[in-house]
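Trainee:
In our numbering, the protein residues as written are 5 to 305.
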């Protein structure tokens, strides 16, 4: 049964209101993504140089530090999953959750028990719905993280890593986050945070490469004690910033698609309403003509 003219106009008004909301959310995401991109770009050189310095320190200082020593056959692994607090961002959270699930399967195949840490309400909802345990969770800052947030997370991860496995600790820490490549491309990625290893994008030094000279004061072990926690916080902050920019880009793209779909639906409903109005007018004219003909026939008889 075709919709009436009143129903079509009501649906068109409803879709127009939805379009205003999605358009506003698209503009909000577009205005915030510039700042998020700038923060992610500004943090990259510091994170890169700090990683380079810590890598060189760990490689050439001959110091056995707990954060750089590979444990023998680790039985438990910690996974930090970075998701969003809110939806309406397309497949942003589901993509990173899928990457986390693949990592969990890989760790299980290696015989390791997975301990999960999560940021973002979307990831927490996924685990809570499936009644899976969470070691720790944080939320409320997925689109605007601060260094204090990263420090709080890194303190919890370091505590879990430095605790013996028999007492509930973990032997390695992985991070699953979304790297911002461009406004159209955001890629879920996995890095092993601890024990320290050469991270993605940082090629190991060649044998003939001239390396910078470092003087450790008072000694290499003390410098490692100070720099490694700083390195962990910096890496997590960098991942949070990359994820924030990715979330905003995904939300802007999703809201633009929703706005475009609403415009197409409004055009379709307007066309159907015009057709319904034209059919109604045609029917009224036919009834008037029919009534006039009947009256003329009755008068002539």
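C-beta: ideal position from N, C-alpha, C; glycine also.
Going by beta carbon distance, what residues of the same chain come within less than 7 angstroms of residue 244, once the five residues before and after it are set aside?
Mentor: Translated into the one-based positions of the chain shown, residue 244 becomes position 240. Only 86, 149, 153 and 154 meet the Cβ criterion.
Trainee: Counting pairs of beta carbons, one from the stretch 32-46 and one from the stretch 245-261, are three or more of them closer than 8 angstroms?
Mentor: yes
Trainee: Determine the direct distance from the alpha carbon of residue 133 to that of residue 188, and round the result to whole angstroms.
Mentor: Locating residue 188 in the chain shown gives position 184, counting from the first residue. Locating residue 133 in the chain shown gives position 129, counting from the first residue. Residue 188 and residue 133: Cα-Cα distance of roughly 31 angstroms.
Trainee: So residue 161 packs on residue 82, CB below 8 angstroms; how close in whole Å?
Mentor: Along the chain shown, read from residue 1 onward, the residue named residue 161 stands at position 157. Along the chain shown, read from residue 1 onward, the residue named residue 82 stands at position 78. With a Cβ gap of about 6 angstroms, residue 161 and residue 82 count as contacting.
Trainee: How about residue 240 and residue 179: are their beta carbons less than 8 angstroms apart?
Mentor: Looking up residue 240 in the chain shown gives position 236. Looking up residue 179 in the chain shown gives position 175. In this structure, residue 179 lies closer than 8 angstroms to residue 240 by Cβ.
Trainee: Under DSSP, the beta strand (DSSP E) around residue 273 begins and ends at which residues?
Mentor: Here the question's residue 273 lines up with position 269 in the chain shown. Segment 224-304 is the alpha helix (DSSP H) holding residue 273; no beta strand (DSSP E) there.
Trainee: Do you know offhand how far residue 195's Cα is from residue 56's?
Mentor: Taking the first residue of the chain shown as position 1, residue 195 is located at position 191. Taking the first residue of the chain shown as position 1, residue 56 is located at position 52. So the two alpha carbons sit approximately 16 angstroms from each other.
Trainee: Within 7 angstroms: the Cβ of residue 243 and any heavy atom of the ligand MN?
Mentor: Of ligands this structure carries none, so the ligand MN is not represented either.
Trainee: Is the beta carbon of residue 54 closer than 8 angstroms to that of residue 228?
Mentor: Translated into the one-based positions of the chain shown, residue 228 becomes position 224. Translated into the one-based positions of the chain shown, residue 54 becomes position 50. Result no, Cβ atoms of residue 228 and residue 54 do not sit closer than 8 angstroms.
Trainee: Using a Cβ-Cβ cutoff of less than 7 angstroms, which residues in the same chain neighbour residue 73 once the five nearest sequence positions on both sides are dropped?
Mentor: The count along the chain shown starts at 1 and reaches residue 73 at position 69. So the list reads 199, once near-sequence residues are dropped.
Trainee: Leaving aside the five residues before and after residue 58 along the sequence, list all residues of the same chain whose C-beta is less than 6 angstroms from its C-beta, in chain order.
Mentor: To locate residue 58, count along the chain shown from 1; it is residue 54. Result list for residue 58: 231 and 235, in chain order.
Trainee: DSSP puts residue 181 in a beta bridge; with which residues?
Mentor: Residue mapping note: residue 181 aligns to position 177 of the chain shown, counting from 1. 193, per the DSSP bridge assignment.
Trainee: Along the chain, where does the alpha helix (DSSP H) that runs through residue 200 open and close?
Mentor: Position 196 of the chain shown, counted from the first residue, corresponds to residue 200. Residue 200 -> no alpha helix (DSSP H), and no H or E assigned at all.
Trainee: What does a CB cutoff of less than 8 angstroms around residue 281 pick up in its chain, not counting 5 residues either side in sequence?
Mentor: Indexing the chain shown from 1 puts residue 281 at position 277. These residues qualify, in order along the chain: 9.
Trainee: Looking only at its own chain, which residues have a Cβ that is under 6 angstroms from the Cβ of residue 104, when we skip the five neighbours before and after it?
Mentor: Taking the first residue of the chain shown as position 1, residue 104 is located at position 100. These residues qualify, in order along the chain: 85 and 180.
Trainee: Who are the Cβ neighbours of residue 377 in its own chain at under 6 angstroms, not counting the five residues just before and after it?
Mentor: There is simply no residue 377 to check, as the chain begins at 5 and stops at 305 in what is shown.
Trainee: Counting Cβ pairs closer than 8 angstroms, one from the stretch 88-98 and one from the stretch 272-281, do we hit at least three?
Mentor: Between the stretch 88-98 and the stretch 272-281, the count of C-beta pairs closer than 8 angstroms stays below three; the two stretches do not touch.
Trainee: Around the Cβ of residue 166, are there at least 16 other Cβ atoms within 10 angstroms (buried) or fewer (exposed)?
Mentor: One-based indexing of the chain shown puts residue 166 at position 162. Under this definition residue 166 is an exposed residue.
Trainee: Output yes or no for whether 8 angstroms exceeds the beta carbon distance between residue 113 and residue 169.
Mentor: Position 109 of the chain shown, counted from the first residue, corresponds to residue 113. Position 165 of the chain shown, counted from the first residue, corresponds to residue 169. Taking the C-beta atoms as reference points, residue 169 is found no nearer than 8 angstroms to residue 113.
Trainee: Identify whether residue 58 lies in helix, strand or coil by the three-state DSSP scheme.
Mentor: Taking the first residue of the chain shown as position 1, residue 58 is located at position 54. In this structure, residue 58 counts as helix in the three-state DSSP scheme.
Trainee: Out of 285, 111 and 100, state which residue places its alpha-carbon closest to the alpha-carbon of residue 176.
Mentor: Position 172 of the chain shown, counted from the first residue, corresponds to residue 176. For residue 176, the nearest C-alpha among the options comes from 111.
Trainee: For residue 14 and residue 265, what's the separation of their Cα atoms in angstroms?
Mentor: The residue you call residue 14 lines up with position 10 of the chain shown. The residue you call residue 265 lines up with position 261 of the chain shown. For residue 14 and residue 265, the distance between alpha carbons rounds to 18 angstroms.
Trainee: Determine the DSSP secondary structure at residue 206, reduced to helix, strand or coil.
Mentor: Position 202 of the chain shown, counting from 1, holds the residue named residue 206. Residue confidence for residue 206 is low, a pLDDT of 48 falling below 50, so the modelled location carries little weight and cannot support an answer.
Trainee: Give the secondary structure of residue 164 by DSSP, where H, G and I count as helix, E and B as strand, and everything else as coil.
Mentor: In the chain shown, residue 164 corresponds to position 160, counting from 1. Helix.
Trainee: Between the Cα of residue 268 and the Cα atoms of 7, 19 and 11, which residue gives the shortest distance?
Mentor: Residue 268 sits at position 264 when you count from the first residue of the chain shown. Ranking 7, 19 and 11 by Cα distance to residue 268 puts 19 first.
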